[in-house]
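Chains as they are written, first to last, in the numbering used here: chain Y, -19 to 160; chain A, 3 to 329.
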């Protein structure tokens, strides 16, 4: 049986500053392994470091191990994405709702994932939306309409375990709907 | 014998008794009159006291949808906005005989209008007509299909519906809660279009519009059943919910890829969640309603994840994950 058939990975993807490391930590029982470096471009709000390799954690669910990976946000590490996505149950794509680039990021990342794995289930989590007067959910929907118009989009707080679990529930529902 | 339905809203007992006397008089005319409290459905006539909050709100809805209206008030000048060719104003002290004549007159006046009137909200039975774009929870009908920003709420609490962005906004979280509670308790809400000059800088909190409406509706004990028909979602609804996450995920996963019959969905899933989702998505412009005489039933998965089934197909990983997530 190949790794593809095992579906034993969950992948968190998205640009730098979207909250991938935070999200993985929120659902992990043990602290995730990551390699953090000080941001070369200076602090982004409260964020002063960035992950330069992979975040990694796992869930041990009654003996079934689910590996959790944070896909590197930096373009120079893009070659690792194929490897990380192989055998994934689905991808949580996190986007920073406060970023002016959120619409471009949405289409860029969704297209990148689709190019590697056209059938892979993707759920989009938008962080930092609650106090953001500039974010248009409909424009966001429009930005992915040419790629995957019905991809789930959910406003979330990457620090909240319940929010992250809701994203995973959506992934699982999509997975099961495909299986029916 | 022809059946006539007269709805009433906000009327006191004395007026209801006079209407009952009128009903008896109509029996002799070959009509059978049925009285019921206004539910937003297609009554032939609405008798409403506009001085009562529920009465005013009901009259406003009836007025906008061309339902013949009898206003019970002696302050006619204060309710000019509710008066048109299909309405009659009478004060409560008038004798039952006059009520009879006025109902007769309204039936005559509203004959054409009644035939053409669109049911504007609740559909209590499974044999209900197919939904149209006018079918919505009546108190919020003013928000359906709008393209410009709308402000709605109570005298000191407002929520802004920004349909182009797909969000609702408020100055404080308390405003969201107050308006949500008002919707749940059928309180009278005011609606106004937001002018271009109105500053929105005081708005500090934003949620998806479908999220706001879903959470308003799902807590209602008396949310009318969504009108029957074939429905699907044009986009995934952005509704954050710990309590209903699994049901929302399952429903949405199906409804974004296919259309389903409302009755089938309500029977195979949590009716409370599905019904609230339908209304929320409808107001937010995410619900595609297809009129079809005979619905094509689309199979719906009845559980989010059947653990045993998942285990069989996916070596336990998916099943274990589903169990961990509480699905």
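For each residue, glycine too, the CB sits at the ideal point set by N, CA and C.
Subject >> Which of helix, strand or coil DSSP assigns to residue 66 of chain Y >> reply: Within the first chain, the letter at position 86 stands for residue 66 of chain Y. Reduced to three states, the DSSP call for residue 66 of chain Y is coil.
**OP:** Can you tell me which of the three DSSP states residue 23 of chain A falls into?
**Re:** The sequence position of residue 23 of chain A within the second chain is 21, counting from 1. Here residue 23 of chain A sits in helix by DSSP.
Subject >> Nearest residue (CA-CA) to residue 169 of chain Y, options Y/41, Y/71, Y/-6, Y/-10 >> reply: No answer is possible for residue 169 of chain Y: the residues shown for chain Y start at -19 and end at 160.
Original post:
Should residue 95 of chain Y go down as buried or exposed, given a rule of 16 or more other Cβ atoms within 10 Å for buried?
Top reply: The residue you call residue 95 of chain Y lines up with position 115 of the first chain. Residue 95 of chain Y is exposed by the Cβ-count criterion.
**OP:** Would you list, in sequence order, the uninterrupted beta strand (DSSP E) runs of no fewer than 3 residues that lie entirely inside the stretch 101 to 156 of chain Y?
**Re:** Annotation note: the stretch 101 to 156 of chain Y contains the following uninterrupted beta strand (DSSP E) runs of length 3 or greater, listed N- to C-terminal: 102 to 107, 133 to 136.
Original post:
So who's on the other strand from residue 78 of chain A, going by DSSP bridges?
Top reply: Reading the second chain from its first residue, position 76 is the one you call residue 78 of chain A. BP columns for residue 78 of chain A are empty, so no partner.
**OP:** Using alpha carbons as the reference points, say which of A/187, A/33, A/69, A/217 lies closest to residue 245 of chain A.
**Re:** As a first step, residue 245 of chain A must be located in the second chain, where it is residue number 243. Checking every option, the nearest Cα to that of residue 245 of chain A belongs to A/217.
Original post:
In terms of alpha-carbon separation, which member of A/176, A/5, A/204, A/236 lies closest to residue 284 of chain A?
Top reply: Here the question's residue 284 of chain A lines up with position 282 in the second chain. Closest by alpha carbon: A/236.
**OP:** Answer yes or no: do residue 4 of chain Y and residue 50 of chain Y have a C-beta to C-beta separation smaller than 7 angstroms?
**Re:** As a working note, residue 4 of chain Y is residue 24 in the first chain. As a working note, residue 50 of chain Y is residue 70 in the first chain. A contact, by the Cβ cut-off of 7 angstroms.
**OP:** Answer yes or no: does any C-beta atom of chain Y fall closer than 7 angstroms to that of residue 247 of chain A?
**Re:** Numbered from 1 along the second chain, position 245 holds the residue referred to as residue 247 of chain A. Yes, residue 247 of chain A counts as interfacial toward chain Y.
**OP:** Check the C-beta distance from residue 153 of chain A over to residue 196 of chain A and give it rounded, since I have them as a contact under 8 angstroms.
**Re:** Taking the first residue of the second chain as position 1, residue 153 of chain A is located at position 151. Taking the first residue of the second chain as position 1, residue 196 of chain A is located at position 194. About 5 angstroms separates the two Cβ atoms, so the contact holds.
Original post:
So what's residue 60 of chain Y in DSSP terms, helix, strand or just coil?
Top reply: Locating residue 60 of chain Y in the first chain gives position 80, where the first residue counts as 1. Three-state result, residue 60 of chain Y: helix.
**OP:** May I ask you to report which of helix, strand or coil DSSP gives residue 5 of chain Y?
**Re:** Looking up residue 5 of chain Y in the first chain gives position 25. Here residue 5 of chain Y sits in helix by DSSP.
Original post:
Where does residue 85 of chain A sit, in a helix, a strand or coil, going by DSSP?
Top reply: For the purposes of this step, residue 85 of chain A is taken as residue 83 along the second chain, with counting starting at 1. Of the three classes helix, strand and coil, the one that applies to residue 85 of chain A here is coil, per DSSP.
Subject >> Closest Cα partner of residue 139 of chain Y within the set Y/128, Y/130, Y/74 >> reply: Locating residue 139 of chain Y in the first chain gives position 159, counting from the first residue. Answer by Cα proximity: Y/74.
Original post:
Which partner residues of residue 76 of chain Y appear in the DSSP bridge assignment?
Top reply: The residue given as residue 76 of chain Y occupies position 96 in the first chain. For residue 76 of chain Y, which the question treats as bridged, DSSP gives the partners Y/107.
Original post:
Is there contact between the stretch 251 to 266 of chain A and the stretch 106 to 126 of chain Y, where contact requires at least three CB pairs shorter than 8 angstroms?
Top reply: no
Subject >> Closest by C-alpha distance to residue 183 of chain A, when choosing among A/5, A/222, A/205 >> reply: Counting from 1 along the second chain, the entry for residue 183 of chain A is found at position 181. Looking at the Cα atoms, A/222 is the closest of the given residues.
**OP:** If I'm right that residue 7 of chain A touches residue 46 of chain A with Cβ under 8 angstroms, what's the distance once you round it to whole angstroms?
**Re:** For the purposes of this step, residue 7 of chain A is identified with residue 5 of the second chain, where counting begins at 1. For the purposes of this step, residue 46 of chain A is identified with residue 44 of the second chain, where counting begins at 1. So it is a contact: roughly 5 angstroms between Cβ atoms.
Original post:
Is residue 168 of chain Y helix, strand or coil by DSSP?
Top reply: Residue 168 of chain Y falls outside the range modelled here, since chain Y spans only -19 to 160, and no answer is possible.
**OP:** Would you mind working out which of A/179, A/140, A/149, A/276 sits nearest residue 158 of chain A, comparing C-alpha positions?
**Re:** To locate residue 158 of chain A, count along the second chain from 1; it is residue 156. Closest option to residue 158 of chain A, Cα to Cα, is A/179.
Original post:
Could you give the C-beta distance for residue 0 of chain Y and residue 47 of chain Y, rounded to a whole number, given that I count them as a contact under 8 angstroms?
Top reply: Translated into positions along the first chain, residue 0 of chain Y becomes position 20. Translated into positions along the first chain, residue 47 of chain Y becomes position 67. About 15 angstroms separates the two Cβ atoms, so there is no contact after all.
**OP:** Could you tell me which chain Y residues have their CB closer than 9 angstroms to the CB of residue 319 of chain A, listed as they occur along the chain?
**Re:** Locating residue 319 of chain A in the second chain gives position 317, counting from the first residue. Per Cβ cutoff of 9 angstroms: -14, -13, -12, 41, 44, 45, 46, 69.
Subject >> Of the residues A/42, A/109, A/74, A/70, the one placed nearest residue 34 of chain A, counting alpha carbons only >> reply: By 1-based counting over the second chain, the position of residue 34 of chain A is 32. That would be A/109, whose Cα lies nearest to the Cα of residue 34 of chain A.
Original post:
What are the residues of the stretch 148 to 171 of chain A that lie near chain Y, defined by any Cβ-Cβ distance shorter than 7 angstroms?
Top reply: 166, 167, 168, 169
Original post:
By how many angstroms is the C-alpha of residue -9 of chain Y removed from the C-alpha of residue 238 of chain A?
Top reply: What you label residue 238 of chain A is simply residue 236 of the second chain in a count that begins at 1. What you label residue -9 of chain Y is simply residue 11 of the first chain in a count that begins at 1. Residue 238 of chain A and residue -9 of chain Y: Cα-Cα distance of roughly 21 angstroms.
**OP:** Could you tell me how far apart the beta carbons of residue 102 of chain Y and residue 71 of chain Y are, in whole angstroms, since I believe they sit closer than 8 angstroms?
**Re:** By 1-based counting over the first chain, the position of residue 102 of chain Y is 122. By 1-based counting over the first chain, the position of residue 71 of chain Y is 91. At roughly 5 angstroms, the Cβ-Cβ gap stays under 8 angstroms, so residue 102 of chain Y and residue 71 of chain Y are in contact.
Original post:
Can you find a C-beta in chain A that's less than 7 angstroms from the C-beta of residue 4 of chain Y?
Top reply: Taking the first residue of the first chain as position 1, residue 4 of chain Y is located at position 24. No, residue 4 of chain Y does not count as interfacial toward chain A.
Subject >> Burial state of residue 144 of chain A, where buried means 16 or more other Cβ atoms lie within 10 Å >> reply: Mapped onto the second chain, residue 144 of chain A falls at position 142. Looking at its Cβ environment, which holds 16 or more other Cβ atoms inside 10 Å, residue 144 of chain A is buried.
Original post:
Would DSSP call residue 207 of chain A helix, strand or coil?
Top reply: Against the second chain, residue 207 of chain A aligns to sequence position 205. Note: residue 207 of chain A maps to strand in three-state DSSP.
**OP:** Give the straight-line distance between the Cα atoms of residue 379 of chain A and residue 329 of chain A, rounded to the nearest whole angstrom.
**Re:** With chain A running from 3 to 329 in the structure shown, residue 379 of chain A is simply not present.
Original post:
Are any of the Cβ atoms in chain Y nearer than 7 angstroms to that of residue 327 of chain A?
Top reply: For this step, residue 327 of chain A is matched to residue 325 along the second chain. It does; some Cβ of chain Y falls within 7 angstroms.
Original post:
Can you name, in chain order, every residue of its own chain whose Cβ lies under 6 angstroms from the Cβ of residue 109 of chain Y, other than the five neighbours on each side?
Top reply: The count along the first chain starts at 1 and reaches residue 109 of chain Y at position 129. The residues are 77, 115, 135.
Subject >> Where residue 39 of chain A sits in the DSSP three-state scheme >> reply: Against the second chain, residue 39 of chain A aligns to sequence position 37. Strand, per DSSP.
Original post:
Taking the C-alpha atoms as reference points, what is the distance between residue 263 of chain A and residue 87 of chain A?
Top reply: As a position in the second chain, residue 263 of chain A is number 261, starting the count at 1. As a position in the second chain, residue 87 of chain A is number 85, starting the count at 1. Approximately 39 angstroms, taken between the alpha carbons.
Original post:
Nearest to residue 73 of chain A by alpha carbon, out of A/49, A/279, A/321?
Top reply: Here residue 73 of chain A is taken as the residue at index 71 of the second chain, counted from 1. Residue A/49 is the option with its Cα nearest to residue 73 of chain A.
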